[in-house]
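S.K.: My structure is below; once you've seen it, I'll send some questions.
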């Protein structure tokens, strides 16, 4: 409401004439409508997470309820379809913002990774992304390269050449990193960002705080983050809230690269049996946080988390690879500067159907089909064409598909046939260094291998499986050290990644036993592992530096540096006419 000046109030108090009273009620230059209470302003937020450079349709699905108690697999993803979906959803709002909760880049398919994920940033610039929380994978190529991603330029910071197809201008959107600190205590990127809509009394402002998980140092190579500190997530968020409020934010939205998962993942809009590392963070958040948009776990959920003395906290995640978008609706009271209501729903980004060795995946009329946006398809096509010489080359043949899990697996902790295939390839590649055992971290396997009709496997496929460019490292460990390393991954706070062994080793994880004594039936070449004997063990360079929390792998002796992990897999596939896919799990889990 328009305020009256002191002088005008005095006139009103002394006035006797109706015309003067009317002037007091409606000051010069103000309309009658401006004195009325403003209705809530509706603002849309379109969110996704863990895109990982999937600029081409990833030949992947999302699970969607079929309305009859079951589910249907919906083909989804691809930058051109994502752009079309975002355009359609934006048309449903007068005001909207588009945001991401981290890992836009790295661990990417060949068409993006080969070009240092420059095309992924180009896509995000074209679809109108506003803010992205820095994720752990954004640090895979190191701090200097990540700064180039934000700021642009063609400085070479890695083994790959930048700016191969175009001058790289950097991200038009803003990275946010509220809990990542440089040597002088400042944040690597801004902690917060604002976006406003409307004017005058109807103006509303969204305040965003973005950050990654505190455990990032265990997930990336230490050399790339030297000098950086990753602080407590809740402390950083709570410190940012009053700053955003002072700057005029009517709503506070957290973009955090940390998350959880449902017990039953069949409905992406449910919150069934939710657990995860984000829960302790949520428990400590200020009640002035309105929405938390999360990521990292690649799971989809919509949760209303109860809070004492405050409205439930809306928590969302849209899965991964651009296969879904979260559509959030906020109703904001511009007079009281708070959110009246908040709602969210995950929507599949349905794309074309496709065929794999497991059968055909077709479109469904249960959800919209988003046609590929022409300009994005053309832009992505340039990079797909440039990568095709690498991508389409046949590197070997498999006896069948190599999935990431076993058909009877209830969870992903056992690894899968593709993990074992990789471990075998790394053992074979380092036999000359004395290797007897090899381990592959299951979290480092980014995709299954689906060979063609004749069993052919392309370089593009194996690059998608292992896009990091790690070298192989062989060290000597005692049997006792090997057991302790495996135990460390299954402790009170288990690693998100299991160590999947080569064919020379098997073991059982008995989760009914106390932490520190859960690895049983540990066998080398069919015989109990001798805890006093020494063994030569190969892992990738990420694990060798203590990645995924397996710090004991850095303690081996007599290190020998080998070749690239991807070269090892290619050599293994090409060494025989048809490579048999492993059929029996080497890691058993007792629950």
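Residue numbers (the numbering used here): 47 to 637. C-beta atoms are modelled at their ideal positions from N, C-alpha and C, and glycine is treated no differently. Remember, it's a predicted structure, so these values are computed and weren't measured experimentally.
Let me confirm a value: residue 559 is counted as buried when at least 16 other C-beta atoms fall within 10 Å, else exposed. Which label applies?
M.R.: exposed
S.K.: Between which residues of its own chain and residue 165 is the CB-CB distance below 6 Å, once the five residues before and five after are set aside?
M.R.: 101, 158, 429
S.K.: Alpha carbon to alpha carbon, how far is residue 475 from residue 110? Give it in angstroms, no decimals.
M.R.: 42 Å
S.K.: Would you kindly check if the distance between the Cβ of residue 414 and the Cβ of residue 389 is under 8 Å?
M.R.: no
S.K.: Taking the C-alpha atoms as reference points, what is the distance between residue 307 and residue 478?
M.R.: The straight-line gap from Cα to Cα measures roughly 42 Å.
S.K.: Once you ignore the five residues that flank residue 419 on each side, which residues in its own chain have a CB closer than 6 Å to its CB?
M.R.: The beta carbon of residue 419 is closer than 6 Å to those of 126, 129, 130 in its chain, skipping five residues each way along the sequence.
S.K.: Output the distance between the C-alpha atoms of residue 517 and residue 633, rounded to the nearest integer angstrom.
M.R.: 24 Å
S.K.: Please state if the CB of residue 440 and the CB of residue 504 are separated by a distance shorter than 8 Å.
M.R.: yes
S.K.: What does DSSP give as the partner residue(s) for residue 636 in the beta ladder?
M.R.: 556
S.K.: Please state whether the Cβ-Cβ distance between residue 301 and residue 179 is less than 8 Å.
M.R.: yes
S.K.: Just to confirm, are residue 42 and residue 189 a CB contact at a threshold of 8 Å?
M.R.: The structure shown does not extend to residue 42, since the chain is modelled only from 47 to 637, so the question has no answer here.
S.K.: Can you tell me the Cα-Cα spacing of residue 620 and residue 424, whole angstroms?
M.R.: Their backbone Cα atoms lie some 34 Å apart in a straight line.
S.K.: Since residue 443 is in the beta strand (DSSP E), which residue starts that stretch and which ends it?
M.R.: 440-443
S.K.: Per the DSSP calculation, residue 227 is bridged to which residue(s)?
M.R.: 233, 275
S.K.: What is the rounded straight-line gap between the Cα of residue 437 and the Cα of residue 383?
M.R.: 52 Å
S.K.: With DSSP collapsed to three states, give me the class of residue 356.
M.R.: Here residue 356 sits in strand by DSSP.
S.K.: For a quick check, are the C-beta atoms of residue 482 and residue 628 less than 8 Å apart?
M.R.: no
S.K.: On the premise that residue 241 lies in contact with residue 176, defined as a C-beta separation below 8 Å, what is that separation, rounded to the nearest angstrom?
M.R.: 6 Å
S.K.: How many Å lie between residue 279 and residue 181 at the Cα?
M.R.: Whole-angstrom Cα-Cα distance: 13 Å.
S.K.: Enumerate in chain order the residues of its own chain whose CB-to-CB distance from residue 264 is below 6 Å, with the five nearest sequence positions on each side excluded.
M.R.: 595
S.K.: When the Cα of residue 412 is compared with those of 83, 92, 114, 283, which residue comes out closest?
M.R.: 114
S.K.: If you compare alpha carbons, which of 540, 599, 86, 468 is closest to residue 508?
M.R.: 468
S.K.: Grab me the residues of residue 350's own chain with a C-beta within less than 8 Å of its C-beta, minus the 5 sequence neighbours each way, in chain order.
M.R.: Scanning its chain for C-beta atoms nearer than 8 Å, with the 5 sequence neighbours on each side dropped, one finds around residue 350 the residues 317, 358, 359, 360, 361, in chain order.
S.K.: Suppose you measure from the CA of residue 556 to the CA of residue 530; what does that come to, to the nearest Å?
M.R.: 15 Å
S.K.: Indicate whether residue 394 and residue 122 have their beta-carbon atoms separated by less than 8 Å.
M.R.: Cβ distance < 8 Å, so residue 394 and residue 122 count as in contact.
S.K.: Specify whether the stretch 89-96 and the stretch 366-385 touch according to this definition: at least 3 beta carbon pairs, one from each stretch, less than 8 Å apart.
M.R.: yes
S.K.: Keeping to the same chain, check which residues put their C-beta closer than 7 Å to that of residue 221; ignore five residues upstream and five downstream.
M.R.: 178, 180, 196, 235
S.K.: What are the boundary residues of the alpha helix (DSSP H) that residue 529 is part of?
M.R.: 525-534
S.K.: Under the three-state reduction of DSSP, which class applies to residue 475: helix, strand or coil?
M.R.: helix
S.K.: Have a look at the DSSP bridge pairing and note the partners of residue 349.
M.R.: 361
S.K.: Report yes or no: do three or more beta-carbon pairs, one from the stretch 522-538 and one from the stretch 575-586, lie closer than 8 Å?
M.R.: yes
S.K.: Which residue comes first and which comes last in the beta strand (DSSP E) that contains residue 110?
M.R.: 106-111
S.K.: Assign residue 330 to buried or exposed, taking buried as 16 or more other Cβ atoms, counted over all protein chains shown, within 10 Å of its Cβ.
M.R.: exposed
S.K.: Just tell me which of 335, 304, 305 has its CA closest to the CA of residue 290.
M.R.: 335
S.K.: Return the chain-ordered list of same chain residues with a C-beta closer than 7 Å to the C-beta of residue 456, the five sequence neighbours on each side being excluded.
M.R.: With a pLDDT of 44 at residue 456, under the threshold of 50, the modelled position of this residue cannot be trusted; read the value that follows with caution. So no residue of the chain qualifies.
S.K.: Suppose you measure from the CA of residue 81 to the CA of residue 247; what does that come to, to the nearest Å?
M.R.: Confidence is the limiting factor: at residue 81 the pLDDT is only 46, short of 50, which leaves the residue's position unreliable, though a coordinate-based value still follows. Residue 81 and residue 247 have their C-alpha atoms roughly 10 Å apart.
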